[in-house]
Amino acid sequence: MLAHLPVLQVIVPLLAAPLCLFLTRSRLVWVFALAVSALAFLISCLLLQQVMSSGTIIYELGGWEAPWGIEYRIDPLNALLLLIITGISTIVLLAAHTSIQQEIPEERHTFFYILYLLSLAGMLGIVATGDAFNVFVFLEISSLSGYALIALGKDRRALWAAYQYLIMGTIGATFILIGIGLMYQMTGTLNMEDLSKRLPEVEHTRTVFTAYAFIIVGICLKLALFPLHLWLPNAYAYAPSIVTAFFAATATKVAIYLLIRFTFSVFGLTFSFTALPLQILFLTLGLLGIFAASTAAIYQKNVKHLFAYSSIAQIGYMIVGFSVSTTTGLMATLLHLFNHALMKSALFLALAAVVYRIGSVQLSQFHGLGRQMPFTMAAIVIGGLSLIGVPLTVGFVSKWYLIMAVIENGWWPVAVLILLGSLLAVVYVWRLVEAAYFKPPLPGRDTIKEAPLSLLIPVWILVIANIYFGIDTRLSVQVTQAASMSLFGVSP
Amino acid sequence: MIISLESMLQLSIILPLLAMLAIVSTGRNPNLRETVSISTSLVVIYFVFNLYLGIKQGENIQVDWWELLPGLQISFNIEPLGMIFALIASFLWLITTVYSIGYMRSHKEQNQTRFYACFAIAIGSVMGIAFSANLFTLFIFYEVLTLSTYPLVTHAGTEDAKRGGRIYLGILLGTSIVFFLLAIISTWFVAGSLDFKPGGVFDPNVNTTVAGVILVLFIFGIGKAAIMPFHRWLPAAMVAPTPVSALLHAVAVVKAGVFTVLKVCVFIFGLDLLAILPSTQFLLYLAGASVLLASLVAMRQDNLKARLAYSTVSQLGYVTIGALLATSAGVIGSSMHIGMHAFGKITLFFCAGAILVAAHKSKISEMQGLGRQMPITMAAFFLASLSIIGVPPAGGTWSKWYLLMGSMEAEQWILMAVLMISSLLNIAYLLPIPFRAFFPARGMPVTDTGIKEAPLPSLIALSITAVGCVILFVYPQPLYELARAILDAPGLAYGK
């Protein structure tokens, strides 16, 4: 059984999704989906433990040897991603039952859970597989269910947002497919490990350049790298709150994973960063993203929009770490990936609680909420502090490593820019704080109560995780260190 | 002794934080809530005093909590400078609590529970700062202090309070994130250690340009030391209730700032390195300018609290100068000035609050003739002013004496002149207030308006601190010995 964990990780939610159809009652489906997600989380914990103790796990699907068969490959990087995705998915699902009562009509609840599990299975598949074409297949599974999930939003603009995302996402996926096709043409293999061995022989050809360019652009569309981020704010703002909380913490992270995997493992660092001026390109785009998106966040009137732009800025930080392309830089990216998942899921889930009570996330509607929903707002404040990077929160840990990485490379001005970027975070977080704590409640709003426990508990689990992993950094630092070392081919 | 010194150290940080929980849960019963505050502060004083006796006997008290990031530990250690800060802060916390009870109740302030709770966190973090064994630990508590005092500054919840809070948080958080954190990471990168070590952590052959830049980052980054141009938060924070201004903006927050400056100068750079850095001279002049300009601005303020705020900016400059002089007399003067100024300034703020509560006056021009109605308050104001100016019979004399000696030793004649001119300015903006109160200008009708002294708890508090100013003049030895020991001690332990 233990030997089959890598495939079970993906198969369990994938098979569970259609099974939901047999359960009719909303509550029943919820319990089932939650159990499945929890099981997936357990599997990912076991996988991580195995990887950390005994190294990379290779699993041949159906017993077919790679490169002919499909191979699942779990190294510390994969295990970390699996852990993040399943962990966040489980906690978010915990809140789902209460939250979707208000946002999704009863008859669509089953449909929602099916899509959710499919999307989960897709993301897990992308991460677990060691086969480039398989990546595309799972990408489509997670994306298609993702578009449908976003379209479930109560607001009619959700349809338009989902359509936008559909177009952009499909272009991205197509680009990735073209890239994979070109690679296959040159090397005759789809297995990533095998590709990395064969590509160097043909790396000077124009076809390989083209393949790489297609793949990078396709992935960057998916990860909403500035200026390819246009689909993201609306998709996050109009999707059901639960979906936003789940996607904000996982979807872009998976894309970052692909970027790292293709750049470091498949094409190799020397090719990726010497053949093209990618380092300076990513650095510039990352920094531009931080400043442009943070500034945009300051001017948002819709709080979901605000945090969506903040997400784009945070992706900028990860890309800066990536562009440093040293072990520390990559570690900073991965740490921030882990930490940002915790921050944004906490924040968006807290927003779900706000939506549950007042039905809106306009900043002007937040007046007086500091008193009326003290626990929810406290959660938002702590999440916001984490976003700023205050010590004892996870945000500080990732910022520390990012600055270290940048300074190690001698990029002093970049270090200053990164820190200036966090000041912008102070501004947009504080707009929210001032609205909630310094304005009197709106007229006719005297009866607003604190969110129900079924929402508060998941929110606070995530908030406490924000603090816990800011204090006890052993897990995150060890795993990300192992992951980044193994990507650089250094033994830890 | 039943409790070990190590546990006392930890408890003096943790107890205020626990008290916060107790305060929140007893919020419905104000008397019980205040009992919690007072008894906690008494216990903390007891612990700090025992720790003081401990290091006097040469004990080395060190506590390691856990490793937050590889190589970066949260750990605590007591050395004389931290002891000075802890003694002053814990003692004045008690006095301020007593004072606040009178002030807050007679002023019928809202949200008193939040007020006392945040107060407790702030003191806990001050203790953490005082006892930090490395820059990393210090930084964490430094930020906690900023955040926990934000609700205190914006206590009133008005538009003014919101604006003040914005400037407060913007400058303190901004400088600490952009400059201070960068300075810390750079130090970690260049020196490989963030521990406070006698003589500093930098290699003697370190590139002086790099170290000089890092020093500038530190001085700018420690916004709580309020060196111009990063001083704006201090006057902005004056929207807070007076007890907050008194403890936090005359003692805890600003002193945390200059304390950090001193720590960095003495234990991160070391005086030898500091003296040869190219940026030290520039920073000295900047601090000197800060001293003079703030004094000049203070003269033009009619609002008493604003005048005191600018006076604080100016006095903080003294401490920074003393640290940057890189002479032993300078360090002694600086560390003594932390204590002397704390007692003087807190008394002045207490008086300002007492006048506000009893006479409802905040403008200096309206305070003429107030001495008849509020003799104790005004007498205390007079004594405390003397301490700030630095003339006998008040404690400020000694610290200014050593600061002047320090500037002579370092042959900084311009700075010496700055210090002396500023003392004259202090006279000009402080003494007229009690003087006019007792001897109003001719033509000012002094009518008996029924104004009486402030509530008893407030009166007791301000008398104690005023008497404290005098005691520190007559009996400055303990403070002086601690200040001397900062540089004498070969190890961190004092007296060894």
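Chains as they are written, first to last, in our numbering: chain W, 1 to 492; chain Z, 1 to 496. Note that beta-carbon positions come from the ideal geometry of N, C-alpha and C, so glycine has one too. These numbers come from a predicted model, not from an experiment.
Original post:
In terms of residue numbering, what span does the beta strand (DSSP E) encompassing Z/ASP64 cover?
Top reply: 62-69
Subject >> CB of W/MET377 within 8 Å of CB of W/LEU369, strictly >> reply: yes
Original post:
How should W/PHE488 be labelled, buried or exposed, when 16 other C-beta atoms within 10 angstroms of its C-beta is the threshold for buried?
Top reply: exposed
Subject >> Whole-Å CB distance - Z/THR312 paired with Z/ALA250, under 8 Å assumed >> reply: 6 Å
**OP:** Measure from the C-beta of W/TRP430 to each C-beta in chain Z and report whether the shortest distance is under 8 Å.
**Re:** yes
**OP:** Go through its chain and collect everything with a Cβ distance to Z/PHE269's Cβ below 8 Å, but skip five positions before and after it.
**Re:** GLY200, PHE202, ALA211, LEU215 and LEU277
**OP:** Given a cut-off of 8 Å, decide if W/LYS344 and W/ALA224 are closer than it, judged by their beta-carbon atoms.
**Re:** no
Original post:
In terms of residue numbering, what span does the beta strand (DSSP E) encompassing Z/LEU72 cover?
Top reply: 72-77
**OP:** Pick helix, strand or coil for Z/LYS363, following the three-state DSSP scheme.
**Re:** strand
Original post:
In terms of DSSP beta bridges, what is W/TYR165 paired with?
Top reply: Note: W/TYR165 sits in no beta bridge, so no partner.
Original post:
Under three-state DSSP, which class holds W/ASN302?
Top reply: strand
Subject >> Neighbour list for Z/LYS162 in chain W, Cβ cutoff strictly below 8 Å >> reply: GLU434 and PHE438
**OP:** Identify the continuous beta strand (DSSP E) that holds W/TYR59 and give its terminal residues.
**Re:** 57-60
Original post:
Is the segment 350-360 of chain W close to the segment 325-335 of chain W, with three or more CB pairs under 8 Å?
Top reply: no
Subject >> Straight-line gap, Z/LEU431 to Z/ALA380 (C-alpha atoms, nearest Å) >> reply: 12 Å
Original post:
Which residue's Cα is closest to the Cα of W/ARG156: W/ALA237, W/ILE74, W/PHE136 and W/TYR113?
Top reply: W/ALA237
Subject >> Range of the contiguous beta strand (DSSP E) that encloses W/TYR72 >> reply: 71-74
Original post:
Considering only the beta carbon of each residue, do W/THR245 and W/ALA121 sit closer than 8 Å?
Top reply: One point to set straight first is that residue 245 of chain W is Ala, not Thr, in the sequence displayed. It is not a contact, given that the beta carbons lie outside the stated cut-off.
**OP:** Check the DSSP bridge columns for W/THR575 and list the partner residues they point to.
**Re:** Residue 575 of chain W falls outside the range modelled here, since chain W spans only 1 to 492, and no answer is possible.
Original post:
Thinking C-alpha only, which one of W/ILE126, W/ILE100, W/SER265 and W/PHE271 is nearest W/LYS222?
Top reply: W/ILE126
Original post:
What residues from the segment 393-405 of chain W come within 7 Å of chain Z, judged by C-beta to C-beta, listed N to C?
Top reply: VAL397, TRP400, ILE403 and MET404
Original post:
Just curious, the alpha helix (DSSP H) that W/ARG108 is in, first and last residue?
Top reply: Neither: W/ARG108 is in no alpha helix (DSSP H) and is coded neither H nor E.
Original post:
Under three-state DSSP, which class holds W/ASP446?
Top reply: coil
Subject >> chain Z residues whose Cβ lies nearer than 8 Å to that of W/THR473 >> reply: LEU68 and LEU69
Original post:
Quick one: does W/SER422 have its CB under 8 Å from some CB of chain Z?
Top reply: yes
Original post:
At what residue ranges does the segment 165-242 of chain W contain a whole run of the alpha helix (DSSP H), taking only runs of 4 or more?
Top reply: 192-202, 206-222 and 232-238
**OP:** Label Z/GLY333 either buried or exposed according to how many other C-beta atoms from any shown protein chain fall within 10 Å of its C-beta, with 16 as the threshold for buried.
**Re:** buried
**OP:** Select from W/LEU351, W/LEU47, W/SER89 and W/ASP75 the residue whose C-alpha is nearest the C-alpha of W/LEU117.
**Re:** W/SER89
**OP:** Rounded to whole angstroms, what's the CA-CA distance from Z/GLY371 to Z/LEU403? Just pull it up for me.
**Re:** 33 Å
Subject >> Rounded C-alpha distance that separates W/GLU450 from W/PRO374 >> reply: 7 Å
Subject >> Beta-carbon neighbours of W/ALA415, restricted to chain Z and to distances below 8 Å >> reply: LEU182 and ILE185
**OP:** Return the CA-CA distance between W/TRP460 and W/ALA346, expressed in angstroms with no decimal places.
**Re:** 8 Å
Original post:
Do we get a CB-CB distance below 8 Å when we pair Z/PHE220 with the residues of chain W?
Top reply: no
**OP:** Give the range of the alpha helix (DSSP H) segment to which W/VAL36 is assigned.
**Re:** 26-54
**OP:** Give the straight-line distance between the Cα atoms of Z/ASN303 and Z/CYS469, rounded to the nearest whole angstrom.
**Re:** 24 Å
Original post:
W/PRO391 versus chain Z: which residues are under 7 Å apart at the beta carbon?
Top reply: PHE139, ILE140 and GLU143
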